[in-house]
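Student: Residue numbers (UniProt numbering), protein chains in the order written: chain A, 1 to 208; chain B, 1 to 208.
Even glycine gets a Cβ: it sits at the ideal position worked out from N, Cα and C.
These numbers come from a predicted model, not from an experiment.
Protein chains: 2
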Amino acid sequence: MVADLRPDGHTDWRAYEPVRLPPILAASLDAFDEHGYHGTTVRDIARRVGVTVPALYYHYQNKQALLVELLLGSMNAVLGRCRSAVEEAGPDPVERFGALVECIVLYMANRAPMAFLDTETRSLEPDNRARYIAMRDELEALVQTSVRDAVARGDFTTPYPVDAGRAVLTMAQAVANWYRPYGRLTPQEIAGRYVEIALAAVGHRTKD
Amino acid sequence: MVADLRPDGHTDWRAYEPVRLPPILAASLDAFDEHGYHGTTVRDIARRVGVTVPALYYHYQNKQALLVELLLGSMNAVLGRCRSAVEEAGPDPVERFGALVECIVLYMANRAPMAFLDTETRSLEPDNRARYIAMRDELEALVQTSVRDAVARGDFTTPYPVDAGRAVLTMAQAVANWYRPYGRLTPQEIAGRYVEIALAAVGHRTKD
DNA sequence: CTGGGCGTATCGAGCGCTCGCTAGACTCGG
DNA sequence: CCGAGTCTAGCGAGCGCTCGATACGCCCAG
C-alpha cells in the first residue's frame, strides 16, 4: 500500500537522507522523469533494473501502480513533513508560514526528481488522482491558513492574501523544476532565501 | 514554418483576441493538454477534427510537427509580447519589470491551454527543444536584467536578485496551471495583483 | 543428516492490440 | 482534366501484459 511507502522515514522535517527506493521504483522514477509516464515503456524500466518484464509484474500489479506508488508516496512525504513543520513552529502564523516555505523548498530541492513527477498527475487514473489532489489541497490549505491568520493579526500587509499565498506556493514548488544538485546554492541556502522572498511577497512587517 | 505561426497577430501586447488556430492544431492542443504528447494518439486528434488519419498527414509532416508548431508558436508569441512590453515601458527598470510580470501573467491566463503545454518540452526532439529553450532563456534574461538594473539603482532592495527574479518568473508562469476562465478574477485583475506581489517580492521601495 | 515440498523471484516466449504512418484510389471545384 | 484534399485499407513495430517453466533457499518430517 501507499501508506507503507516511506521514501524517507524522517523524524526531523529538515533532515534528508539519500533517497532509498526499491530498485524498480528508482528506475521507474528516472524513466518517468525523462520521458513521462506514457513515454516510458515497461521494457525500458526492466532494462534499467536489469531484469525482464515479468519480474516487474511479479512485484507490482501494473505500470500504473508504479506511478501511484511514486506520486502518492511523494505527496504523502512532503505533506507529512509540512505537518511536522507547522507543529514545530508553534502558534505564530508568521513562524508557521516561514516554516512551511522552508519545508516545501527543502523537499523540492532534496527530492527534486520525486517532486518533478507532479507533472504526471494527469496520467493517474481517476481514483488515484482524487487521492493525490486531496493531499495537494491540504498542503495549499496549510499555506493559505497561515497567510490568512498572519494578515488577520496585521503581521502580513498584502491586500491579496489568497493570490499571494498561491503565488508563494507555486514559486516554492517550481524549485523542483530548476534545482540541480551541483548548483551554486545548497537546498538549505535556497530555502532560506525563499523564506525571505516569500515573506517580502506577502508584505511581512519586519520588527526592527 | 514556425515563424509563420501567428497564434495572435497582436499589435498591443495587452490585447487578446479569441485564439484562432487551424482546426487540426486546435484539436492537437486539446488532446496534448488532456493526455500529454505521448498519451495522445493521432487517431484521437483526427477524431476530434472529424477527419481520418491520412488527412492529418496531408497537412502536417508527423505528430512531432504538431507539437513543434504549438510549443514554438506559443513561446514565440509570449516572447514577442514581452519584447513589446519592455520597449513600451521605457528605460526605467522598475517599469520594465512591472510590464514583464503583467505581460507574462496576461499571456499565461489568456492563453492558458497554450502555456500549459510547456510541460511537454521534454517530448520535443533535440533540435526543436534547443530552439525552444533558447527562447525561454531569452525570456528569463529579460526579467533578470530588469531586476539587476533596478537593484543597481537602489529601486529594488532584495539581497538575492537572481533568486527573487527566478521566483517571480516561475510564479508568473505557474498561473497557466491554475487559471480557469470562469474564475473569480479576470486575467487583467490577476496580472495587476501579481505585479504588486512581484514588486513586494523583490523589495521595491515605494515612493510614498 | 537428508530429501521432498514449498514460497520467492526470475525467465523465454509470445498474445492481442494499438501505435505512427503510408500507398493508392476516389471526389469534386475550377 | 487537373490537383487539392480526403478516403479505405493496411503495414511493420512496439505496446502492456501473461503464460508456463525453472532455479534456489528454507523448513521440517523421516
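Distance, Cα to Cα, B:L199 vs A:V86?
Tutor: In the second sequence, residue 199 of chain B corresponds to position 199, counting from 1. In the first sequence, residue 86 of chain A corresponds to position 86, counting from 1. Roughly 27 angstroms separates the two Cα atoms.
Student: Using DSSP with H/G/I as helix, E/B as strand and the rest coil, what is B:H38?
Tutor: Along the second sequence, read from residue 1 onward, the residue named residue 38 of chain B stands at position 38. Coil.
Student: Let me make sure I understand the geometry here. Which of A:L169, A:G80 and A:R184 has the alpha-carbon closest to that of A:A15?
Tutor: Reading the first sequence from its first residue, position 15 is the one you call residue 15 of chain A. Cα-wise, what sits closest to A:A15 is A:G80.
Student: Using only CA atoms, which one of B:L67, B:R148 and B:A31 lies nearest to B:G165?
Tutor: By one-based count along the second sequence, residue 165 of chain B stands at place 165. Selected option, being the one with the closest Cα: B:R148.
Student: Indicate whether at least one CB of chain B lies closer than 8 angstroms to the CB of A:I197.
Tutor: Position 197 of the first sequence holds residue 197 of chain A. It does; some Cβ of chain B falls within 8 angstroms.
Student: Could you list which residues in chain B have their beta carbon closer than 7 angstroms to that of A:G98, in chain order?
Tutor: Counting from 1 along the first sequence, the entry for residue 98 of chain A is found at position 98. Simply none; closest approach about 15 angstroms.
Student: Taking just the CA atoms, how far does B:T11 sit from B:Q64?
Tutor: Your numbering for residue 64 of chain B matches position 64 in the second sequence. Your numbering for residue 11 of chain B matches position 11 in the second sequence. Going by the C-alpha atoms only, they are around 30 angstroms apart.
Student: Taking only beta carbons into account, state which residues of the region 118 to 139 of chain A come closer than 9 angstroms to chain B, listed in chain order.
Tutor: Cβ contacts with chain B come from T119, E120, R122 and S123.
Student: Is A:M1 buried or exposed, if buried means 16 or more other CB atoms sit within 10 Å of its CB?
Tutor: As a working note, residue 1 of chain A is residue 1 in the first sequence. With a pLDDT of only 38 at A:M1, under the threshold of 50, the placement of this residue in the model should not be trusted; the figure read from the coordinates follows. Classification of A:M1: exposed, given that the 10 Å Cβ count is below 16.
Student: Does the region 170 to 182 of chain A come close enough to the region 136 to 152 of chain B to have 3 or more Cβ pairs within less than 8 angstroms?
Tutor: The answer is no - the region 136 to 152 of chain B does not touch the region 170 to 182 of chain A, with fewer than three Cβ pairs under 8 angstroms.
Student: Are there three or more Cβ pairs, one per stretch, closer than 8 angstroms when the region 54 to 73 of chain B is compared with the region 17 to 28 of chain B?
Tutor: Output reads yes: the region 17 to 28 of chain B touches the region 54 to 73 of chain B.
Student: Any chance the region 87 to 103 of chain A sits against the region 112 to 124 of chain A, with 3 or more Cβ pairs inside 8 angstroms?
Tutor: At 8 angstroms Cβ cutoff, the stretches do not touch.
Student: Who are A:H204's beta bridge partners in DSSP?
Tutor: Translated into the one-based positions of the first sequence, residue 204 of chain A becomes position 204. In the DSSP output, where bridge partners are listed per residue, A:H204 has A:F156.
Student: Of the residues that make up the region 136 to 164 of chain B, which ones have a beta carbon closer than 8 angstroms to any beta carbon in chain A?
Tutor: Taking 8 angstroms as the Cβ-Cβ cut-off against chain A, the residues of the region 136 to 164 of chain B that qualify are T158, P159, Y160, D163 and A164.
Student: Can you check whether the CB of A:A191 is closer than 8 angstroms to the CB of A:L106?
Tutor: Within the first sequence, numbered from 1, the residue matching residue 106 of chain A stands at position 106. Within the first sequence, numbered from 1, the residue matching residue 191 of chain A stands at position 191. Taking 8 angstroms as the Cβ cut-off, A:L106 and A:A191 qualify as a contacting pair.
Student: Just to make sure I have the definition right: I need the residues of chain B whose C-beta is within less than 9 angstroms of the C-beta of A:G39. Which are they?
Tutor: Within the first sequence, residue 39 of chain A is the residue found at index 39, counting from 1. G36, Y37, H38, G39, R122 and S123, listed in chain order.
Student: Quick one: is the Cβ of B:I45 within less than 7 angstroms of any heavy atom of the ligand SAH?
Tutor: With respect to small molecules bound, the structure shown includes none, and the ligand SAH cannot be examined in it.
Student: At the 8 angstroms Cβ level, is B:A174 part of the contact set with chain A, yes or no?
Tutor: The residue labelled residue 174 of chain B in the question sits at position 174 within the second sequence. Answer yes: the Cβ-Cβ gap between B:A174 and chain A drops below 8 angstroms somewhere.
Student: Between B:Y57, B:R193 and B:A150, which lies nearest to B:M171 when the distance is taken from Cα to Cα?
Tutor: Within the second sequence, the letter at position 171 stands for residue 171 of chain B. Ranking B:Y57, B:R193 and B:A150 by Cα distance to B:M171 puts B:R193 first.
Student: Would A:F156 and A:G203 be called neighbours here (beta carbons separated by less than 8 angstroms)?
Tutor: Taking the first residue of the first sequence as 1, we reach residue 156 of chain A at position 156. Taking the first residue of the first sequence as 1, we reach residue 203 of chain A at position 203. Yes, Cβ-Cβ distance for A:F156 and A:G203 is below 8 angstroms.
Student: Spell out whether any CB of chain A is found under 8 angstroms from the CB atom of B:G203.
Tutor: On the second sequence, residue 203 of chain B is found 203 positions in, with the first residue counted as 1. Yes, its Cβ sits closer than 8 angstroms to a Cβ of chain A.
Student: What does the Cβ neighbour count give for A:D127, buried or exposed, with the cut at 16 atoms within 10 Å?
Tutor: Residue numbering aside, residue 127 of chain A sits at position 127 when the first sequence is read from its first letter. Flag for A:D127 reads exposed.
Student: Ignore the nearest five residues each way along the sequence and tell me which others in B:H59's own chain have a CB closer than 7 angstroms to its CB.
Tutor: Taking the first residue of the second sequence as position 1, residue 59 of chain B is located at position 59. Closer than 7 angstroms at the Cβ level, and outside the excluded window around B:H59, lie I24.
Student: Ignore the nearest five residues each way along the sequence and tell me which others in B:R48's own chain have a CB closer than 8 angstroms to its CB.
Tutor: Within the second sequence, numbered from 1, the residue matching residue 48 of chain B stands at position 48. These residues qualify, in order along the chain: A27, D30 and A31.
Student: What does B:T52 touch in chain A if you count any residue whose Cβ is under 8 angstroms from its own?
Tutor: Here residue 52 of chain B corresponds to residue number 52 of the second sequence, with the count starting at 1. Chain A residues near B:T52: none, gap ~23 angstroms exceeds 8 angstroms.
Student: Under three-state DSSP, which class holds B:E102?
Tutor: Taking the second sequence and counting its residues from 1, the one referred to as residue 102 of chain B is at position 102. B:E102 falls in the helix class under three-state DSSP.
Student: With distance defined between alpha-carbon atoms, name the residue in A:L100, A:G183 and A:S74 nearest to A:S84.
Tutor: Translated into the one-based positions of the first sequence, residue 84 of chain A becomes position 84. Nearest option by C-alpha distance: A:L100.
Student: When you compare each of B:N110, B:P18, B:A55 and B:R129 to B:V78 by their alpha carbons, which one comes out closest?
Tutor: Locating residue 78 of chain B in the second sequence gives position 78, where the first residue counts as 1. B:V78 has its Cα closest to that of B:N110, out of B:N110, B:P18, B:A55 and B:R129.
Student: What is the rounded straight-line gap between the Cα of A:D4 and the Cα of B:M108?
Tutor: As a working mapping, residue 4 of chain A is identified with position 4 in the first sequence. As a working mapping, residue 108 of chain B is identified with position 108 in the second sequence. For A:D4, the pLDDT reaches just 37, beneath the cut-off of 50, and the residue's location in the model is therefore unreliable, although a value from the coordinates is still provided. Near 39 angstroms, if we compare the C-alpha coordinates of B:M108 and A:D4.
Student: Determine the direct distance from the alpha carbon of A:A112 to that of A:E189, and round the result to whole angstroms.
Tutor: Taking the first sequence and counting its residues from 1, the one referred to as residue 189 of chain A is at position 189. Taking the first sequence and counting its residues from 1, the one referred to as residue 112 of chain A is at position 112. Near 15 angstroms, if we compare the C-alpha coordinates of A:A112 and A:E189.
Student: Under a CB-based cut-off of 8 angstroms, is B:W178 close to chain A?
Tutor: As a first step, residue 178 of chain B is located in the second sequence; it is residue number 178 there, counting from the start. It does: the Cβ of B:W178 has a partner Cβ on chain A nearer than 8 angstroms.
Student: For B:I133, does the count of other Cβ atoms within 10 angstroms reach 16, so buried, or fall short, so exposed?
Tutor: Here residue 133 of chain B is taken as the residue at index 133 of the second sequence, counted from 1. B:I133 is exposed by the Cβ-count criterion.
Student: For B:A55 and A:P22, I'd like the C-alpha separation in whole angstroms.
Tutor: Here residue 55 of chain B is taken as the residue at index 55 of the second sequence, counted from 1. Here residue 22 of chain A is taken as the residue at index 22 of the first sequence, counted from 1. If you take the alpha carbons of B:A55 and A:P22, they lie about 46 angstroms apart.
Student: By the criterion of Cβ-Cβ separation under 8 angstroms, what are the contact partners of A:M171 in chain B?
Tutor: As a working mapping, residue 171 of chain A is identified with position 171 in the first sequence. Residues of chain B passing the Cβ test: A167, V168, T170, M171 and A174.
Student: So that I know if they touch, is there some Cβ in chain A lying closer than 8 angstroms to that of B:R47?
Tutor: Here the question's residue 47 of chain B lines up with position 47 in the second sequence. It does not; no Cβ of chain A falls within 8 angstroms.
Student: Of all the alpha helix (DSSP H) runs that stay within the bounds of the region 50 to 111 of chain B, which reach a length of 4 or more residues?
Tutor: Correct list: 53 to 59, 63 to 89 and 93 to 110.
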